[in-house]
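Number 10 in my numbering belongs to position 3 of the sequence shown; there are no gaps in the numbering.
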Amino acid sequence: MRNKPKWIILNKQNKILWILIIVVFALFALELQKGIFYYANTIGNAVRINIFDIKNYITKTIDKYTNQANEISRLKEIEKEKEKNDILISNLKYELDKIKTLLDINQKPNISNIFLVEAYSYMNMGKYSQVWLKNNSFEDKSQDMIFGLIKNGFTAGIALFKGDYLIGILNGDPKASYGVYIGENKSIGILKTDISGDIVVEYINAWNEIKEGDEIYTNGLDGIFFEGIPVGKVKKVRQEYGYIVVDVELYNKNNNVGYFWLVDTNINKPKM
């Protein structure tokens, strides 16, 4: 039997080798594709999970701040409502205080020539010692008259007309000044406000005996008040320029204005 040529055998071997190489490469490519798909799928899942987590975080953060903003807005509305209610309550309290003043007849001084007047506004904002007063029954509009103001049985200041309008000048204002007696000896002086804003009685004769705690009351000599209306008491006694000066602790602090009793000493005075 004749042997086949070597080149034929080599060709067959080469074909088998190439087939094996192709098969190996095909298997390798298939595995590589599987690996790439696996890793791509794993990375994709990780990315999707992270994106989902980020989306949830952003959503929760937005919801959190939205809820906080809504809560802040709600609290602001509650604060506004509270402020409004506080104003209404304050106004009701003020109205009740005014009614109490009207009903509390025990606070009315035992003087016939007096009128109830109401302070309805400050003359200037920031200056609380001057107020506009009104009373429809008070008709004495003498421009040169000064009237006394009483509150809770104590002096509160003076009143006068400015044109057709009645104004109140309360204790503590530089223009609020009137005559007083001090102590049982009735030492005469003038109550006023000094340049430092303190309430004092000045121009007291140096030989008068005055001590701390002495009562101060109106003397009525200036026609503003009647005699004997309580003012306050002596807090301190000192000497200045040959006169005695006393610091005064007022009974009426004028913390709440509202209504006053106006004293008109001009009524029933004999005409000269």
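We put the CB at the ideal spot given by N, CA and C, even for glycine.
Sequence-distant residues of its chain with Cβ nearer than 8 Å to residue i (five each side left out)
| i | result |
| --- | --- |
| Q246 | A213 and V252 |
| N142 | F122, L123, V124, E125, L173 and L269 |
| I85 | none |
| G227 | G186, F233, E234, G235 and T272 |
| N92 | none |
| I112 | Residue confidence for I112 is low, a pLDDT of 43 falling below 50, so the modelled location carries little weight; the figure read from the coordinates is stated next. Taken in chain order, the list of residues that qualify is empty. |
| Y250 | E209, Y210, I211, N212 and A213 |
Simplified DSSP state of residue i, which is helix, strand or coil
| i | result |
| --- | --- |
| I231 | coil |
| Y248 | coil |
| A213 | coil |
| Y258 | coil |
| I153 | coil |
| L136 | Position check: residue 136 holds Ser in this sequence, whereas Leu was assumed. Here S136 sits in strand by DSSP. |
| K218 | coil |
| I236 | coil |
| I26 | helix |
| I112 | At I112, the pLDDT of 43 sits below 50, so the modelled position is not reliable; the number obtained from the coordinates is stated separately. The answer is helix: DSSP assigns I112 an H, G or I state. |
Span of the beta strand (DSSP E) around residue i
| i | result |
| --- | --- |
| S194 | S194 to T200 |
| N178 | Counting along the chain, N178 falls outside any beta strand (DSSP E), and DSSP gives it neither H nor E. |
| T162 | F161 to K169 |
| T225 | E222 to T225 |
| N131 | I121 to N131 |
| I189 | Y185 to I189 |
| I270 | Note on residue identity: the sequence assigns Val, not Ile, to residue 270. Here the beta strand (DSSP E) through V270 covers Y266 to V270. |
Cut-off 7 Å between Cβ atoms - residues of its own chain near residue i, not counting five sequence neighbours on either side
| i | result |
| --- | --- |
| Y224 | V187, Y188, G235, I236, P237 and V238 |
| V205 | It is worth fixing the name first, because residue 205 is Asp in this sequence and not Val. Counting only Cβ-Cβ distances below 7 Å, and skipping sequence neighbours, we find D254. |
| I197 | S184, G186, V208, E209 and Y210 |
When the options are compared against residue i, the one with the closest alpha-carbon
| i | options | result |
| --- | --- | --- |
| V207 | E256, A166 and F232 | E256 |
| W139 | F267, N273 and T272 | F267 |
| S136 | K169, D151 and A183 | A183 |
| A126 | G133, D151 and L156 | L156 |
| Y248 | K134, N215, I176 and Y210 | Y210 |
| F161 | L177, D171, I153 and K169 | L177 |
| T200 | S80, K193, G179 and M132 | G179 |
| G230 | M132, I153 and N259 | I153 |
| D151 | T272, N142 and Q75 | T272 |
| M130 | Y172, N74, D70 and A163 | Y172 |
| N262 | R81, K242, L82 and K158 | K158 |
| K242 | G190, Y72, M132 and F233 | G190 |
| L269 | I69, I165 and S203 | I165 |
| K193 | M132, G175 and I217 | I217 |
| A163 | E78, G175 and K134 | G175 |
| P181 | D70, K134, K169 and K89 | K134 |
| G265 | A76, D70, R81 and L103 | L103 |
| N215 | V244, S128 and I28 | V244 |
| D221 | Y258, I202 and S203 | Y258 |
Own chain residues within Cβ distance below 6 Å of residue i, not counting five before or after
| i | result |
| --- | --- |
| E219 | V241 |
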